[in-house]
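Just so you know, the sequence shown maps onto residues 75 to 1124 in the numbering used here. Backbone N, C-alpha and C define an ideal beta-carbon position, used for all residues, glycine too. The next block holds one structure in the form of structure tokens; read it before the comments.
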Amino acid sequence: MYHCHLHFYLAGQACEVFGIIKEMSPLEQFTHEFSESGMPKAEMAAKADVILADLQDIDIKEALQVLISGKRSGTELIVLVKKEQIALLADNLEEIKDIWIMPMSGEEVRFRFLRWQQACKISKDFLQSSHFLEATINSVPNLVWYKDKKGIHTKVNDSFCRTVNKTKEQVEGRGHAYIWDVEQDDPACIESERVVMETKETCVSEEVVQTGAGKRLLTTYKSPLYDLDGSVMGTVGVAIDVTQERAYEREILRKNHTLEMIFTSIDCGVMCHTLDGSKVLSINKAALKILGYESLEELMETGFNMIAPSVMKPDRQKLKDAIGQLKNKGDSISVSYRVQHKNGEILHIMGNIKLLEENGELYYQRFLLDCTEQKLEEKKKERRQKELVQALSIDYTLVCFFDLDTGKGSLIRNYDSSEKVYSPIFGGKEIFLEESMGQYIQKFVHEEDKKEMLQASSRDWIKKELAEKDFNCVNYRMFVDGEVKYFQMKIVRAGTWEGSHGVVLGLHSVDEETRDELHKKSMLEDALMQANRASKAKSVFLSNMSHDIRTPMNAIVGFTNLAITHIDHRELVEEYLKKIETSGNHLLSLINDVLDMSRIESGRMHLEESACSLPDILHGLCNILQADIHAKQLELHIDTVDVLDEEIFCDKLRLNQVLLNLVGNSVKYTGAGGTVSMRITEKGGASEGYANYEFLIKDTGIGMSEEFVAHIFEPFEREENTTMSGIQGTGLGMAITKNIVDMMNGTIEVKSKQNVGTEFIVSFTFRLNSVAKEPKQIPELKNSRVLVVDDDYNTCDSVSYMLQQLGMRAEWTLSGKEAVLRTHQAVTRNDDYCVYIVDWLLPDMNGIEVTRRIRKEVGENAPIIVLTAYDWSDIEEEAREAGVTSFCTKPLFLSELRSCLDSIVNIGEDGEGDKEDKVVPLHTGRILLAEDVDLNQEIAVAILGDAGFQIEVAGNGQIAVDMLKKSEPGYYQTILMDVQMPVMNGYEATKEIRKLENRELASIPIIAMTANAFEEDKREAIKSGMNGHIAKPIDVKELFRTLNSILEHV
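Okay, structure coming up:
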């Protein structure tokens, strides 16, 4: 992040304007410093970054000459003049950044200065982004350059300069020949760039260039570089130096050749053959010699089939069994066997066999080592140490033999590489069991294990233990280089003990195995705890689902009862039905919560981006939560004043799901009389055509502990105090919310304090549906006074700001009584308010009463708009009688406020307004409906029949196929096909139809109309031969859109 300090020079007598500017806070990352003088001074202008000069009532030309001559080239000059003075600025317009026409109101000054600040910040942000981009390009190790159409380098990165050993000043503006120190440009390079610009496709090639470090081989990627109008203005290139890579490849070839030589010359036999043994893939001379053959041909002619015929018959089955144990790639086994040559010579072979894979084919790789001499030596050794053979384990680092009758012993094997532990104690010519073990124990064994080890190594104890078994093991701890390690002592009985009592004692480390066991035990304990926790969480899952489902159900049931009560009021019932539809749609999404979690975890959830409106999303959100907010007497504040772009592209269902989960939780966990607020801020810094939005949701609820906040986004997690308070929930909402936010490339943060409240901050970047426009002012209301009456300061502030954007002069008050008093004063002074905006619920008197009293003062002239977050239909008649002109619903967006004000002064703008976006069928005809459920048949027939279609119904897929076969081409315009039906499902029926001999019947449009609504279901429908997909419950608009789209091609 950067910091910008600006020095303002305020020249002139506009004290009021300068005072306002000095009071305004600088934007984030900026600081301000001010200097002033009554008349312009060149020396003060020279120190300033920005000059605001009041040129009213002074000699403009002289003042400008002083300021312009004194200021630096980058200093911005803003002049304050009267309208009639503008012509005097003509000669100096290039030096003037902005002209403020005086007089200006304080709000206008603040607005103009704020706009200047924002423009300045945008400029600084852009400069910083350019620096970031420049640094990024310069940081990559590859060569990057830009060329114009003539092949001149217009931009290069640092890696490019380092490679050619030139500076950017030497390279930029130069052609290929100069940069690479050659006599003329490379024709191949010129041709490749011409092809790139002509075909507008990326070209990949290899080029050899000469640098100060010698010749380099570059792999180049060249792409067209486009101008702002879309025309090709040159090329952009990236080059990767592959000189070293090619050198590595040559080195690999050399090494492969060396390995080939080693393969053919080493004494160890190596051979590879197929799994069935019918083909030898490779074999070296050593392997042929060991097996007793002169050549591969001789080996194959003698009947090689996995086993060479020279392998002695007693060992053949053992060798086959060993090979048969290899099941998986990478498995290996060692086996010893014998071969007999033609001359009768017998060789002992140590073989290693490994199962490998190359190019998808498995094969055996075998190593053969002639160990005949070693085998003979081993037999001699076995005879010498026959009594000790069972004890000489390769795992033991120390092996000694002891005679228990005398205590004397001898060292057999010592693998103490450091020679610090065993050698000083057991390395003597004559050692004694109890004496040597006593020294070892006292010096190295852990204090807690000494007693057990001393007992286990005493001669009497060993005799007693081994009288009934062959060996005894004791595990203990010892110190190795200052660290505690786990070791084992094993004492094995040697011989029959008929005459003497000999034992073999071995010591070795079991540290790795012991620690692995301890680790596995710990992991099993942790896994058990987690499993128990998950089991406990999931066991209450079904009971916790109730609240999340009942929220929209409450709205559906409540508005259904209201619709029945007001059945004769068509407009009112229509409004209730729209809210029922909104809640029903959300209920449908909630039912899928569990499926959503499963699909998220399996990676099968996909986003569906479409055009949507932020006002629609928030009003729908309020409709769903309205009943709960009213029941708990909560205050809900939604601030949208900082939102300029309202139409966006996003997954509306998922965004609504995120916001409802967060706001719904705030409502759920906030006690009666509390406050829930959401502020939507449109942040800067997004790419063109995109906008950054921040949703801040706060409440004064029960809050959460720090421990729970760390786990809030894990499935089935719920804070203990929520269950104690009787609040129900699934424990999935926050996990789904976090995953959806991640999928939408957003971020979510949470701050909470118990008994204080919780704050969530969610940030998204959305593609804009239309370019934001400056709010259009209403001529009849321009500069009109407006009084805003609301007991919430934030509402007053945001509505007033919106009115100022529309060119109106806004005032506000928090009291209904004060509003009446101000109205009286305005009438008395003959300075009336042109519009009143009054909240429905005020603490001292309600909005209806405030309206009555205002009407007594102003008569019928001034429009009065009631602002409410609740359904106003029940009080509409009373409100109209009291003098209310119109109603606005919270949350209030700028576009909605303007539309309301526009309507009360009867200013239409070519059909813009509250016209509902209705979709009607553009075509009619006969439709074959394949549906097995009677209720679904009735709904579809009613909807389509009202739209002018003739409907024929088939109870399953087979009936639909038969009805189509019997019809003439063109009799049915399309088929609406359910998927899950008895006898024959929709997919099978579609495939049967597509196979009909009559091609006109076989090509009839088929649209899936099914409750299988996931993305994979849509793909399956298209794959089976269908032309479209409509999800149940039926969205009538989407149904007609799909029918219109398909039938227009019939």
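- Excluding its 5 nearest sequence neighbours in each direction, P1043 has C-beta neighbours in its own chain below 8 angstroms: N1072, E1074, L1075, listed in chain order.
- The continuous alpha helix (DSSP H) containing S973 extends over residues 968–978.
- With respect to the 8 angstroms criterion, E934 and T897 are not classified as neighbours on the basis of their beta carbons.
- One thing to note: T237 has its Cβ within 8 angstroms of the Cβ of T285.
- For V306, same chain residues with a beta-carbon under 8 angstroms away, outside a window of 5 residues either side, are K223, M271, K274, P298, L299, Y300 in chain order.
- With contacts defined by Cβ atoms closer than 8 angstroms, L662 and P1056 do not form a contacting pair.
- Assigned with DSSP and collapsed to three states, H77 falls in coil, not helix or strand.
- Check the Cα spacing between I852 and each of S969, L941, Y743: the tightest is with S969.
- Counted as a single uninterrupted DSSP element, the stretch harbouring A120 is not any beta strand (DSSP E), since DSSP gives it neither H nor E.
- In this structure, A120 sits near G144, with a CB-CB distance shorter than 8 angstroms.
- G93 carries a helical assignment under DSSP once its states are collapsed to helix, strand and coil.
- Annotation: G763 to N635 spans about 45 angstroms, alpha carbon to alpha carbon.
- Y411: member of the beta strand (DSSP E) spanning 406–414, first to last residue.
- Nearest C-alpha to V1027 among L1002, A1016, A1014: L1002.
- Residue burial is scored here from C-beta neighbours: G180 has fewer than 16 other C-beta atoms within 10 angstroms and is therefore classed as exposed.
- The shortest CA-to-CA distance from E504 to any of R487, K494, N488, G483 is the one to G483.
- Exclusion of the five residues before and after L855 leaves L880, G881, M882, C908, V909, L975, V979 as the residues of its chain whose Cβ lies within less than 8 angstroms of its Cβ.
- In this structure, the straight-line span from the alpha carbon of G658 to that of S858 is close to 43 angstroms.
- When secondary structure is reduced to three states using DSSP, P1043 falls in the coil class, being assigned neither helix nor strand.
- When DSSP states are grouped into helix, strand and coil, P298 belongs to the strand group.
- Looking at the DSSP output, G1099 sits in no beta bridge, so it has no partner there.
- For S837, the uninterrupted beta strand (DSSP E) segment begins and ends at 831–842.
- For the pair E768 and S684, the CB atoms are not nearer than the 8 angstroms cut-off.
- Within the segment 119–158, the complete alpha helix (DSSP H) runs of at least 4 residues fall at 134–144.
- Shown here for S279: same chain residues with a beta carbon closer than 7 angstroms to its own, the five before and five after excluded, namely S266, T294 in chain order.
- Assignment of beta-bridge partners to Q439 by DSSP yields C346, K428.
- Pairwise C-beta distances place the segment 710–727 in contact with the segment 745–756, as three or more of them are shorter than 8 angstroms.
- The beta carbons of E721 and S687 sit about 6 angstroms from each other, so the pair counts as a contact at 8 angstroms.
- Considered as a whole, the segment 929–954 harbours no complete run of any alpha helix (DSSP H) with no fewer than 4 residues.
- Restricting attention to I698, A1016, L472, L154, the CA atom closest to the CA of V578 is found in L472.
- A distance below 6 angstroms between beta-carbons, with the five flanking residues on each side excluded, links T1048 to the following residues of its chain, in chain order: I1001, P1079.
- At least 8 angstroms separates the beta-carbon of S872 from that of W886.
- Excluding residues up to 5 positions away in sequence, M511 lie with their Cβ nearer than 6 angstroms to the Cβ of S531 in the same chain.
- Taking 8 angstroms as the upper bound for CB-CB distance, L126 and F104 are not in contact here, some 16 angstroms apart.
- Each residue's CA atom was taken as its position, placing V153 and L729 some 47 angstroms apart.
- In the structure shown, Q87 falls within a coil segment according to DSSP collapsed to helix, strand and coil.
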